[in-house]
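In full-length UniProt numbering, the protein residues as written are 1 to 521.
See the structure below:
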């Protein structure tokens, strides 16, 4: 990251994370990330983060140093009743104060039966301590424990949930009418080194008006190569800086990109795309799929719905759609359940697919159920383990092999475990899938950028020859899957094989709509 400072005069802050468990790697620190993000939004310039052990001397030295250098000091951790909770003692020593029993704090702590034996220690605070009672701004309820401050040092608990509640209640203390920071981002298909000259011109031109930062793309497929951030206390400065750089960079360098595509799926789909996007074939396909999914979540609770997810492009697009519908519909109705997903794993899978499934599970907070072997057997085990599941959402299209008679809502055949198969993408094409993924900047399996247009068993899946291209040095390389020109060749990299676990067609001729479990598509 390359950052050039240009905003001066803001209040500053230092953050001290206290705890042996952090330094030993037993606990991951998330508090500093949260505090940096919130303080920055309030116009406070965080200058330093320090992680120190639970020692009185170490706490004392760090607090004394930070207090003399920064407008605010925020500490987290070390304020409980146990032997290693030494924060109050360390801060008292930093300011040459004694620990004294705070009667107001003692009376408050006595209300909690489980703290009776700990009241004496927890009520001992530095002599000049101030007690801040925290009220939930949304509910009006009082926070169970007050926050103690000494001079410009604010002492927060280490448990993230409690820290965040307390900070939100005290946020006005840190804001105090400071300058509001406006921010703007620019995404580029240029490498960092390619923008240095233009960026230096902008830094000089907008000196002390705009702060610039650049960040290389990491795991962002080929959506962009570098992100440029701009911050200013004056919104107009950002617009002028954006235009300045846009004129400096080669035509087409600035690209569209969405961040937080999972967290904002509902807003981006309903309030942006469906409300504002010009009518076209993709919008109609999306609207139809959304209507099918809305019918599904109207009919079933989220605990009764499971998506079949195997890392392929189709179910990747479908997962984002389902998450968006869940955010819109279920939040309104008070059902905030996590999505459930089932992965029927075949015997020979690509490592890249396994890695992508892990990443996606984390990104979407999925409850993922994995079953090895035949899909019919796996489905039977799923229903046995989770009998409340009544519907499985699948990313099948009528253009898939053996899917021409597919219906959106279709029960499994009598010989199979009985669940409703929901197929919202039946009318979608290969291009629709990729247009949706690219429109919403959804992460997808990296193999699709390496010449694969359809994924299956690793022993029978190869790069699509239709995606090959010859470089200037006569070497072969491959275009990404979304650039496939002839969509009828989608499966040209696949060797035909007997479907080992597809649902057999009934004698009436109705064809199966369960894709082979090891074939992401």
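Every residue, glycine too, gets a C-beta built ideally from N, C-alpha and C. These numbers come from a predicted model, not from an experiment.
Residue i (DSSP reduced to helix, strand or coil)
i, result
"residue 500", "For residue 500, the predicted model reports a pLDDT of 36, less than 50, meaning its position is unreliable; a value from the coordinates is still stated below. Coil at residue 500, not helix or strand."
"residue 483", "helix"
"residue 301", "coil"
"residue 440", "coil"
"residue 306", "strand"
"residue 17", "strand"
"residue 180", "coil"
"residue 477", "strand"
"residue 456", "coil"
"residue 28", "coil"
"residue 373", "coil"
"residue 292", "helix"
"residue 391", "strand"
"residue 495", "coil"
"residue 227", "strand"
"residue 431", "helix"
"residue 507", "Only weak support is given to the placement of residue 507: the predicted model assigns it a pLDDT of 27, under 50, and the question is left unresolved by the model."
"residue 72", "strand"
"residue 399", "coil"
"residue 406", "coil"
"residue 273", "helix"
"residue 253", "coil"
"residue 446", "helix"
"residue 12", "strand"
"residue 191", "coil"
"residue 488", "helix"
"residue 23", "helix"
"residue 379", "helix"
"residue 286", "helix"
"residue 267", "helix"
"residue 412", "coil"
"residue 461", "strand"
Beta-carbon proximity check, residue i vs residue j, cutoff 8 Å
i, j, result
"residue 56", "residue 24", "no"
"residue 15", "residue 35", "yes"
"residue 372", "residue 397", "no"
"residue 130", "residue 169", "no"
"residue 318", "residue 266", "no"
"residue 304", "residue 426", "no"
"residue 445", "residue 261", "no"
"residue 302", "residue 242", "no"
"residue 326", "residue 297", "yes"
"residue 163", "residue 31", "yes"
"residue 343", "residue 368", "yes"
"residue 151", "residue 67", "yes"
"residue 190", "residue 226", "yes"
"residue 238", "residue 202", "no"
Range covered by the beta strand (DSSP E) that runs through residue i
i, result
"residue 48", "45–52"
"residue 125", "124–126"
"residue 108", "Residue 108 -> not in any beta strand (DSSP E); alpha helix (DSSP H) instead, spanning 103–109."
"residue 470", "468–470"
"residue 215", "211–216"
"residue 57", "Careful: residue 57 lies outside any beta strand (DSSP E), inside the alpha helix (DSSP H) at 56–69."
"residue 132", "130–132"
Enclosing alpha helix (DSSP H) for residue i [first to last residue]
i, result
"residue 40", "31–41"
"residue 240", "235–248"
"residue 422", "Note, residue 422: premise wrong, no alpha helix (DSSP H); beta strand (DSSP E) at 420–422."
"residue 205", "196–205"
"residue 88", "87–94"
In chain order, which alpha helix (DSSP H) runs of at least 4 residues are fully inside the region 311–368? 313–325, 351–364
Inter-stretch contact (C-beta, 8 Å, three-pair minimum) for the region 429–437 and the region 312–323: The region 429–437 makes contact with the region 312–323; the number of CB pairs closer than 8 Å reaches 3 or more.
List, from N- to C-terminal side, the alpha helix (DSSP H) runs of 4 residues or more that fit wholly inside the region 136–176. 160–175
With three or more beta-carbon pairs closer than 8 Å as the criterion, would you say the region 153–161 touches the region 68–84? With a cut-off of 8 Å on Cβ pairs, the region 153–161 is in contact with the region 68–84, counting three or more such pairs.
Does the structure place the region 224–232 close enough to the region 203–213 that three or more beta carbon pairs sit under 8 Å? Segments in contact, yes.
Does the region 443–455 touch the region 486–494, meaning 3 or more C-beta pairs lie closer than 8 Å? yes
Assess contact between the region 252–271 and the region 476–488, defined as three or more Cβ pairs (one per stretch) separated by less than 8 Å. Is contact present? The answer is no - the region 476–488 does not touch the region 252–271, with fewer than three Cβ pairs under 8 Å.
Three or more beta-carbon pairs under 8 Å between the region 30–47 and the region 177–193, yes or no? yes
Check whether the region 288–299 and the region 410–425 are in contact - that is, three or more C-beta pairs closer than 8 Å. yes
Given 8 Å, three or more beta-carbon pairs between the region 269–281 and the region 212–223: Too few Cβ pairs lie closer than 8 Å, so no.
Would you call the region 91–111 and the region 142–153 in contact, with 3 or more CB pairs under 8 Å? Segments in contact, yes.
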